[in-house]
DNA sequence: CCTACCGATCGGTAGG
DNA sequence: CCTACCGATCGGTAGG
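Chains as they are written, first to last, in our numbering: chain A, 127 to 319; chain B, 127 to 319.
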């Protein structure tokens with residue numbers, strides 16, 4: 127039941143926002159009484175923390191594998207960025223929730239993301255710097271800022287990109303078009319030549 | 127007083143979110159009584175619509191001028207993208223509010239943004255297509271998707287980029303570093319050569 | 001896990 | 001613009 131509450135809370139926090147969602151609303155959706163949620167989580171804030179921690183756990187567990195699967199392919203970089211975007215696109219509520227948390231409590235999120243992503247990030251920026259030393263990556267590129275911008279685009283595409291795309295009457299498969307263009311932008315602005 | 131309520135509501139909706147903000151909270155901050163807000167706006171939802179409309183009015187009024195100022199400069203494109211990012215960076219609450227609205231009610235936002243931005247957008251994509259015809263813009267670029275991604279990066283940088291940047295211990299002026307890299311990414315992925 | 005219930009706060013109305 | 005007040009809903013507690 128704890129898992130069902132977490133999944134439903136994630137869904138409602140993502141679509142309604144934490145402030146507009148209610149414990150009773152989550153409880154009703156999973157078929158229990160309002161106060162019973164507080165048997166599994168001591169407070170609404172604790173539920174919020176658990177939902178967020180759950181999302182970050184999920185990313186930490188499955189994202190490395192998704193990225194590693196692209197490692198052997200030809201067009202390794204394109205496949206990696208594609209895997210990144212597809213990973214977020216496969217579950218929009220998680221990406222939306224993280225964007226909301228970044229807006230709602232930036233200070234806590236900074237601490238959390240630093241603790242969770244710092245090791246993974248330095249691997250990426252180190253790889254970019256190696257590419258710059260070898261001459262395959264553009265020398266004027268700012269590695270940290272580049273990574274932040276690519277991730278911002280990927281998460282943003284999932285969180286709000288669908289709406290932005292439909293506003294253009296972008297026809298069918300707008301998210302795929304956005305994802306493909308994101309990959310092109312990332313590749314072109316990364317590599318020399 | 128109507129303007130002061132709008133400004134304060136914009137600030138609180140942006141930082142707290144619409145659901146977590148309250149009419150009484152806005153009223154207290156501007157020094158009037160709770161129900162008095164409803165003398166100026168018939169309901170909380172009406173205040174929300176007014177705040178959002180005000181932001182879009184502001185963008186429609188001042189963004190063209192900010193972009194036009196870059197038109198004469200050398201490095202015209204860099205100056206334009208720089209102006210776009212600086213414009214959003216100068217007033218984060220407005221960008222945050224729009225991101226929140228995109229998450230809270232995507233359907234209404236699609237209609238609103240289509241009505242407001244459609245003409246301006248086709249100017250941009252038309253210019254890009256001309257550049258493709260002349261050979262100065264990369265032929266494989268997807269004009270609509272490109273514009274959506276650049277704007278997503280610009281708004282995302284303001285809305286959540288600061289947090290993302292500090293998570294890297296990006297040193298001083300992280301937003302300027304992000305903005306500069308955004309400009310570089312946009313330019314490099316747009317032009318041939 | 002439940003019911004019964006608490007004080008606080010919410011958006012909104014009445015009446016001036 | 002105000003005070004006084006409404007019903008509804010909120011997060012959370014007591015007690016089982």
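Yeah, the Cβ is synthetic: ideal placement off N, Cα and C, and Gly gets one too. The structure presented is a predicted model; accordingly, all values stated were derived computationally and were not measured.
Exercise for the section: Inspect the CB distances between the segment 279–294 of chain A and the segment 225–240 of chain B and report whether three or more fall short of 8 Å. Expected result: yes
Practice task
State whether the segment 265–278 of chain A contacts the segment 296–314 of chain B, with contact taken as three or more CB pairs (one from each stretch) at a distance under 8 Å.
Solution key: yes
Problem - Element boundaries [alpha helix (DSSP H), containing residue 252(A)] - result: Taking the first residue of the first chain as position 1, residue 252(A) is located at position 126. 232–260 is the extent of the alpha helix (DSSP H) around residue 252(A).
Problem - C-beta neighbour in chain B for residue 182(A), strict 8 Å - result: The count along the first chain starts at 1 and reaches residue 182(A) at position 56. No, residue 182(A) does not count as interfacial toward chain B.
Exercise for the section: Return yes when the Cβ of residue 140(A) is within less than 8 Å of the Cβ of residue 145(B), no when it is not. Expected result: The residue you call residue 145(B) lines up with position 19 of the second chain. The residue you call residue 140(A) lines up with position 14 of the first chain. No, they are not a contact pair.
Handout entry: Contact check, residue 293(B) vs residue 236(A), beta carbons under 8 Å
Key = Start at 1 with the first residue of the second chain, and residue 293(B) comes out as number 167. Start at 1 with the first residue of the first chain, and residue 236(A) comes out as number 110. Taking 8 Å as the Cβ cut-off, residue 293(B) and residue 236(A) qualify as a contacting pair.
Problem - Within 7 Å of chain A by C-beta, residues of the segment 210–241 of chain B in sequence order - result: 222, 225, 226, 228, 229, 230, 232, 235, 236, 239 and 240
Problem - Own chain partners of residue 257(B) with C-beta closer than 7 Å, once the 5 adjacent residues on each side are dropped - result: As a first step, residue 257(B) must be located in the second chain, where it is residue number 131. Counting only Cβ-Cβ distances below 7 Å, and skipping sequence neighbours, we find 263.
Exercise for the section: Put residue 317(B) into one of helix, strand or coil per three-state DSSP. Expected result: The sequence position of residue 317(B) within the second chain is 191, counting from 1. Reduced to three states, the DSSP call for residue 317(B) is strand.
Handout entry: Pair within 8 Å by beta-carbon distance, residue 176(A) and residue 132(A)
Key = For this step, residue 176(A) is matched to residue 50 along the first chain. For this step, residue 132(A) is matched to residue 6 along the first chain. For residue 176(A) and residue 132(A), yes; Cβs fall inside 8 Å.
Practice task
Just the chain A side, please: which residues come within less than 8 Å of residue 304(B) by C-beta, in chain order?
Solution key: Here residue 304(B) refers to the residue found at position 178 when the second chain is read from its first residue. In chain order: 271, 274 and 275.
Exercise for the section: Could you spell out where the alpha helix (DSSP H) holding residue 193(B) opens and where it closes? Expected result: Numbered from 1 along the second chain, position 67 holds the residue referred to as residue 193(B). 170–195 is the span of the alpha helix (DSSP H), which, as asked, contains residue 193(B).
Problem - Through-space distance from residue 297(A) to residue 268(B), alpha-carbon basis - result: Translated into positions along the second chain, residue 268(B) becomes position 142. Translated into positions along the first chain, residue 297(A) becomes position 171. Going from the Cα of residue 268(B) to the Cα of residue 297(A) covers about 13 Å.
Problem - Entirely enclosed alpha helix (DSSP H) segments - the segment 269–314 of chain A, minimum 4 residues - result: Counting only runs of 4 or more residues that sit fully inside the segment 269–314 of chain A, the alpha helix (DSSP H) segments are 269–282 and 288–292, in chain order.
Handout entry: Proximal chain A residues relative to residue 282(B), where beta-carbon distance stays under 9 Å
Key = In the second chain, the residue the question calls residue 282(B) occupies position 156. 225, 275, 278, 279, 281, 282, 285 and 286, listed in chain order.
Practice task
Note down the Cα distance separating residue 295(B) from residue 241(B), rounded to an integer number of angstroms.
Solution key: Within the second chain, numbered from 1, the residue matching residue 295(B) stands at position 169. Within the second chain, numbered from 1, the residue matching residue 241(B) stands at position 115. Residue 295(B) and residue 241(B): Cα-Cα distance of roughly 40 Å.
Problem - Beta-carbon contacts of residue 300(B) that lie in its chain and below 7 Å, excluding the five residues immediately before and after - result: In the second chain, counting from the first residue as 1, residue 300(B) sits at position 174. In the same chain as residue 300(B), and ignoring 5 residues on each side of it, the C-beta atoms closer than 7 Å to its own belong to 288, 291 and 292, in chain order.
Exercise for the section: Using alpha carbons as the reference points, say which of 143(B), 250(B) and 234(B) lies closest to residue 194(B). Expected result: For the purposes of this step, residue 194(B) is identified with residue 68 of the second chain, where counting begins at 1. Among 143(B), 250(B) and 234(B), the Cα nearest to that of residue 194(B) is on 250(B).
Exercise for the section: Report the option in 142(A), 209(A) and 190(A) whose CA atom is closest to the CA atom of residue 306(A). Expected result: Start at 1 with the first residue of the first chain, and residue 306(A) comes out as number 180. Ranking the options by Cα distance to residue 306(A), first place goes to 209(A).
Problem - Which listed residue (252(B), 243(B) and 201(B)) has its alpha carbon closest to that of residue 187(B) - result: Numbered from 1 along the second chain, position 61 holds the residue referred to as residue 187(B). Closest option to residue 187(B), Cα to Cα, is 243(B).
Practice task
At 8 Å on the CB atoms, spell out the chain A contacts of residue 310(B), in chain order.
Solution key: Translated into the one-based positions of the second chain, residue 310(B) becomes position 184. In chain order: 266, 267, 268 and 315.
Exercise for the section: For residue 139(B), return the contacting residues in chain A, with the cut-off set at a CB-CB distance below 8 Å. Expected result: Taking the second chain and counting its residues from 1, the one referred to as residue 139(B) is at position 13. Correct list: empty, because the minimum Cβ distance to chain A is about 11 Å.
Exercise for the section: Taking residue 204(A) as part of the alpha helix (DSSP H), name the residues at either end of that continuous run. Expected result: As a working mapping, residue 204(A) is identified with position 78 in the first chain. Counting along the chain, the alpha helix (DSSP H) containing residue 204(A) begins and ends at 202–215.
Problem - Expected contact under 8 Å - CB spacing of residue 128(A) and residue 166(A) to nearest Å - result: Along the first chain, read from residue 1 onward, the residue named residue 128(A) stands at position 2. Along the first chain, read from residue 1 onward, the residue named residue 166(A) stands at position 40. Contact flag correct, Cβ pair sits at about 5 Å.
Problem - Listed by chain order, chain A residues near residue 307(B) by CB distance under 7 Å - result: Counting from 1 along the second chain, the entry for residue 307(B) is found at position 181. Correct list: 268, 271, 272 and 275.
Practice task
Under 7 Å Cβ to Cβ from residue 137(A), same chain only, skipping five residues before and after it: list those, please.
Solution key: On the first chain, position 11 is the one that residue 137(A) refers to. Once the five neighbours on either side are set aside, the close Cβ partners of residue 137(A) are 219.
Problem - Any C-beta of chain A under 8 Å from that of residue 142(B) - result: The residue you call residue 142(B) lines up with position 16 of the second chain. For residue 142(B), a Cβ of chain A is located within less than 8 Å of the residue's own Cβ.
Practice task
Anything in the segment 144–175 of chain A with a Cβ closer than 8 Å to a Cβ of chain B? List those residues in chain order, please.
Solution key: 144, 145, 146 and 147
Practice task
Could you please give me the residues that DSSP links to residue 263(A) through a beta bridge?
Solution key: By one-based count along the first chain, residue 263(A) stands at place 137. In the DSSP output, where bridge partners are listed per residue, residue 263(A) has 317(A).
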